[in-house]
Amino acid sequence: MDNLDQTYAGRRRTRRGNRRNAGRDTAAAGGRIDGQPGGQLGGLAGWQDIQTNLPPLTPLSADQLEAVHQASLQLLEEYGIEVMSADVRARFRAAGADVDEASMIVRADRGLILAAIASAPPVFRLTPTNPQRALTVGGRHIHFGMVSGAPNVHDIAGGRRSGNFEDYKKLIKLGQSFNILHFFGNQTLAPNDLPVSTRHLDTVFANLTLSDKIFMSMSIGAERVRDTAALTAIARGISLDEMADDPSSITNININSPRKLDVEMAAAAIAMAEMGQAVVVTPFTLMGAMT
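The numbering of the sequence shown is the working numbering, which starts it at 50 and goes up by one.
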């Protein structure tokens with residue numbers, strides 16, 4: 050063996066020794082790394098609140114962003130959005146928007162829209178059952194999570210199959226084991242073997258008993274988000290009023306294309322706001338499924 054080979058072999062032995070020592074040190078600390086919750090054996094990094102030092106991507110110039118912004122405001126002012134919920138239309142009317150009941154179109158002055166945007170906090174915090182896994186949302190914070198609503202699951206042993214509750218629980222356990230995953234999406238896997246009307250109760254129970262991380266709430270209707278909030282408050286040992294000041298739940302509200310807010314999504318958004326929980330609003334467009 051020449052000098053280069055000896056040097057390389059020595060480095061390999063050193064790396065293996067370091068990994069073994071890291072594993073023993075972690076085991077002695079009860080599976081915690083650097084005092085962080087959920088530390089793993091084998092020298093893997095512990096739970097971290099990741100913040101980026103990189104500037105945000107700027108695919109558009111400031112002038113281009115402003116042009117998109119102004120066009121959006123003009124669209125909402127002149128053409129409006131179809132709001133299918135009578136309750137929500139009444140709320141818009143009370144806030145000063147122009148409502149056409151015949152077409153269910155709501156047109157909002159840009160001043161009203163900008164005031165609503167300004168009321169949203171730039172940064173907020175979500176606290177799960179384990180407060181040490183709380184997430185700060187906004188600013189330079191970055192969080193990685195598992196997907197929402199996958200209809201199928203695939204592995205080497207079983208191949209591709211329809212989503213089911215047993216696989217759902219396995220995925221929650223898997224996601225819990227990785228510290229790089231900070232949260233779970235809304236029903237990471239659709240449990241198609243459970244009744245649609247009650248499956249959210251089963252998945253929330255699984256989330257609360259198999260994980261201590263933040264998870265998103267099913268947003269189809271007010272009942273589901275209220276059930277999720279109630280169960281989460283019980284798991285945290287606090288009241289819903291207390292959770293309004295220290296939110297745990299977040300959901301995704303889809304605006305359907307073209308420019309339509311349906312009854313169930315609107316009801317979920319209102320219920321979440323009334324409970325002081327977080328809402329993400331997205332334009333939901335599926336190629337080939339919408340016109």
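Using N, Cα and C, we set each Cβ at its ideal position, and we do this for glycine too.
Note that the coordinates shown come from a computational prediction; the quantities given were computed from them, not determined experimentally.
- Every beta strand (DSSP E) stretch that sits fully inside the stretch 154-218 and reaches 3 residues is listed by chain position as 154-156, 172-175, 184-187, 201-204, 208-211.
- Beyond the five residues adjoining it in sequence on each side, Phe141 comes within less than 8 angstroms, by CB distance, of Val132, Val148, Val155, Ala157 in the same chain, given in chain order.
- For Ser152, no beta strand (DSSP E) run applies, since DSSP gives it neither H nor E.
- Within 10 angstroms of the beta-carbon of Arg209 lie fewer than 16 other beta-carbons, which makes it exposed.
- The alpha-carbon separation between His231 and Ser152 amounts to approximately 42 angstroms.
- Closest in C-alpha terms to Asp311, from the list Pro105, Thr237, Ile269, Gly95, comes Ile269.
- Using a C-beta cut-off of 8 angstroms, the stretch 121-131 makes contact with the stretch 158-167, since at least three inter-stretch Cβ pairs fall below that distance.
- In the structure shown, Gln97 falls within a coil segment according to DSSP collapsed to helix, strand and coil.
- When the beta-carbon positions are compared, Asn213 and Leu238 come within less than 9 angstroms of each other.
- Nearest Cα to Gly95 within the set Ile229, Leu280, Ile263: Ile229.
- Shortest Cα-Cα distance from Thr334 to any of Ala318, Ala317, Pro307, Ser211 involves Pro307.
- Residue state for Leu103 is assigned as coil, using DSSP reduced to three classes.
- For the pair Arg273 and Lys309, the Cα-to-Cα distance works out to about 21 angstroms.
- In this structure, DSSP gives Ala239 a state outside helix and strand, which the three-state scheme calls coil.
- Shown here, Ile299 sits in a strand according to DSSP, grouped into three states.
- DSSP places Val329 in the uninterrupted beta strand (DSSP E) bounded by 327-333.
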